[in-house]
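Scroll down for the structure; my scribbles are underneath it.
Residue numbers (the UniProt record's numbering): 1 to 333.
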């Protein structure tokens with residue numbers, strides 16, 4: 001049994017090469033394809049099992065989520081707690097007969113696998129992806145930036161946030177050394193010229209990423225012109241949350257790409273407010289080839305997360321850690 005601490009997971013993921021990242025991206029996409037395919041099978045034929053996640057909210061205001069998943073060859077359970085201190089928890093990975101293969105810190109895995117899902121449409125988006133605007137400055141925002149730089153031709157990154165966390169300042173300093181030709185900027189919502197600068201950044205943007213649990217849209221649809229953009233939204237996970245207004249959400253010819261139709265329709269406040277129906281959604285698992293995605297307008301992607309994403313990435317990380325001699329081995333668990 002292998003234990004991977006937060007620093008172990010972060011170190012493994014922060015040092016991945018482009019080929020390793022593409023392998024993880026393809027592995028994740030193939031898992032989502034299998035997940036979509038499996039839903040159309042009879043219960044006796046299914047190899048993927050993802051019960052509805054359970055949530056407990058205590059009187060202290062903390063919410064704990066319990067997410068079991070099985071792909072028959074591997075079973076896993078992720079338990080995380082969302083509090084004012086962010087997301088904390090662990091992923092337990094088991095063999096089919098219940099032997100514990102590993103325990104991984106969940107915070108980095110969750111942020112990475114969600115950002116990696118965002119990259120599935122990103123790499124298939126045929127228009128320029130040089131100018132990126134990211135709302136948020138947490139782990140999710142960090143991995144969006146790092147993966148976009150690794151997999152795209154990014155020249156300008158703008159982080160929009162209420163404050164300037166030390167983590168993001170350190171990240172930009174590191175990335176500037178690695179990508180000297182890329183311009184990195186932070187736009188604080190407290191800036192006196194915030195609105196005018198936000199309009200400019202959005203007008204110049206090719207990619208917009210929402211990474212916050214916002215309850216009000218980050219900007220009105222009027223701030224965007226007719227230029228096509230890739231817009232990803234991963235921050236909202238409750239009906240009361242929304243990162244964009246309905247006009248922006250439906251700016252891709254009223255078609256929206258997603259990780260799970262059922263999850264997005266039940267949890268994503270943007271979709272609920274816009275009265276989006278299942279036939280307007282396209283799961284990533286329905287994309288059986290690697291052809292470019294060319295919607296009528298913006299390419300909009302919404303992700304709320306699936307247990308299989310954690311399970312598959314945990315398995316890949318366990319193998320990667322074994323290959324590189326990372327982690328703590330417990331032989332007598």
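Beta carbons: idealized from backbone N, C-alpha and C, even for Gly.
By the C-beta density criterion, residue 153 is exposed, having fewer than 16 other C-beta atoms within 10 angstroms. If you compare the alpha carbons of 214, 65 and 19 with that of residue 307, the shortest gap goes to 65. Of the candidates 141, 155 and 251, the residue whose Cα lies closest to the Cα of residue 181 is 155.
Assignment of residue 67 by DSSP, reduced to helix, strand and coil, places it in the strand class.
Between residue 141 and the set 167, 229, 91 and 94, the nearest pair of CA atoms involves 167. Counting C-beta pairs with one atom in each stretch, the stretch 12-28 and the stretch 268-282 have fewer than three that are closer than 8 Å, which means they do not touch. Here residue 162 is not near residue 200, since their CB atoms are 8 Å or more apart. The C-alpha of residue 105 lies about 42 Å from the C-alpha of residue 226. In the three-state DSSP reduction, residue 182 falls in the coil class, being neither helix nor strand. A distance below 7 Å between beta-carbons, with the five flanking residues on each side excluded, links residue 316 to the following residues of its chain, in chain order: 24 and 27. If you draw a straight line from the Cα of residue 52 to the Cα of residue 39, it is about 14 Å long.
As summarised for the stretch 98-151, the continuous beta strand (DSSP E) elements at least 3 residues long and confined to that stretch are 100-105 and 131-135, given in chain order. Between residue 328 and residue 77, the beta carbon gap of about 20 Å keeps them out of contact (Cβ cut-off 8 Å). Here residue 44 is exposed, its C-beta having fewer than 16 other C-beta atoms within 10 Å. In the structure shown, residue 90 falls within a strand segment according to DSSP collapsed to helix, strand and coil.
One thing to note: residue 113 has its Cβ within 8 Å of the Cβ of residue 313.
Counting along the chain, residue 282 sits inside the beta strand (DSSP E) bounded by residues 281-283.
For the options 170, 318 and 295, the alpha carbon positioned closest to that of residue 126 is the one of 295. If you look at residue 76, you'll find it in the beta strand (DSSP E) that goes 75-83. With contacts defined as CB atoms closer than 8 Å, residue 243 and residue 36 fail to qualify as a contacting pair. In the displayed model, residue 9 falls within a helix according to three-state DSSP.
Residue range 18-38 is occupied by the alpha helix (DSSP H) that includes residue 37. Residue 312 carries a helical assignment under DSSP once its states are collapsed to helix, strand and coil. Looking only at 176, 184, 228 and 248, the smallest Cα-Cα distance to residue 210 is reached by 248. Assignment of beta-bridge partners to residue 246 by DSSP yields no partner. Residue range 269-273 is occupied by the alpha helix (DSSP H) that includes residue 272.
If you keep only unbroken beta strand (DSSP E) runs of at least 3 residues inside the stretch 192-238, you get 207-210 and 230-233. In the same chain as residue 75, and ignoring 5 residues on each side of it, the C-beta atoms closer than 6 Å to its own belong to 94, in chain order. When only Cα atoms are considered, residue 81 and residue 277 end up about 30 Å apart.
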